[in-house]
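Take a look at the structure set out below.
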Amino acid sequence: MPVWKTLVSEPVGQVMAATCHLLLISGSLRTRSTNTAVLRTAQALAPDSVTILVYDRVAELPHFNPDYDTDQPPPAVGDLRTAIRQADAVLFSVPEYAGALPGSFKNLLDWTIGDDQPGSIYEKPVAWINASPRGAVNAHESLRKVLGYASAAILEPACVEIPVIAAMLDDDGLIVDASTRGQVTHAVTTLAGHACASQGGETPES
Ligand SMILES: Cc1cc2nc3c(=O)[nH]c(=O)nc-3n(C[C@H](O)[C@H](O)[C@H](O)COP(=O)(O)O)c2cc1C
């Protein structure tokens, strides 16, 4: 299980947990994925008050099978559910394949539905960055439908379109364009601000 990116350091060496945990999930398995690039850029640019975990184990999840959707699911599924429970909010970035969500990503969503433990996808604040220059309308309609079925709390102000093409990525797979980086940062702070404001703690802008 990867570790959360950031702890906020206090003076004289004390360390406290940062105020807002975001889990970022890409719907693409492709090495040079633009959707993954958006999320990795978000991780790189996140303010210190936000911790970011980019989930990178979509390909390890077994095919969804209700027979294994138990209190002791397959280990990769258990790790996914733990990551979701530990997050204050989940941010997705997903491409459209053949007019729909990618199968591997829909498989991930299917595994989230059956978790009945506190902090699961149920009523979890969620949002997405639509990175497709072509709109990917069908995929995002489907994403909205599935998240609604899961009873996730879609944070509308944090659902944004930030078109990204391959030419906008550097050798490390991060977005280089300053304007787009600014939009990604704004999306993250908007999500964190809405998801964590109700905790009574600091918002990323405060
Ligand atoms: C098999 C396949 C099917 C695709 N179908 C669609 C589609 O229906 N609608 C669309 O807008 N883009 C479609 N695309 C384009 C991808 O969504 C686009 O290449 C996207 O950037 C892939 O995301 P990634 O860069 O994160 O891997 C398709 C691409 C592939 C490889």
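The working numbering numbers the first residue of the sequence shown as 112 and each following residue consecutively.
A virtual CB, placed ideally from N, CA and C, is assigned to each residue, including glycine.
It should be emphasised that the depicted structure is a prediction, and the values quoted were computed from it without experimental measurement.
Taking just the CA atoms, how far does residue 241 sit from residue 304? Whole-angstrom Cα-Cα distance: 19 Å.
For ligand 1, any of its heavy atoms closer than 7 Å to the Cβ of residue 209? At least one heavy atom of ligand 1 is nearer than 7 Å to the Cβ of residue 209, so yes.
Length-filtered (3 minimum) beta strand (DSSP E) runs lying within the stretch 186 to 274: Entirely contained in the stretch 186 to 274, the beta strand (DSSP E) runs reaching 3 residues are, in chain order, 200 to 204 and 236 to 241.
Start and end of the alpha helix (DSSP H) containing residue 149? 145 to 156 is the span of the alpha helix (DSSP H), which, as asked, contains residue 149.
Hey, would you say the C-beta of residue 146 is under 7 Å away from at least one heavy atom of ligand 1? Yes.
Look at the alpha carbon of residue 286 and the alpha carbon of residue 299, and state the distance between them as a whole number of angstroms. The alpha-carbon atoms of residue 286 and residue 299 are separated by roughly 15 Å.
Going by other Cβ atoms of all chains shown within 10 Å of its Cβ, with 16 needed for buried, is residue 113 buried or exposed? Legend: pLDDT at residue 113 = 45, less than 50; position of this residue unreliable, no value from coordinates given.
By DSSP, does residue 302 sit in helix, in strand, or in coil? Residue 302 falls in the helix class under three-state DSSP.
Applying the 10 Å Cβ sphere with the 16-neighbour rule, what's the burial state of residue 245? Around the C-beta of residue 245, fewer than 16 other C-beta atoms lie within 10 Å, and the residue is accordingly described as exposed.
I'd like the span of the beta strand (DSSP E) that includes residue 164, first residue to last. For residue 164, the enclosing beta strand (DSSP E) covers residues 161 to 166.
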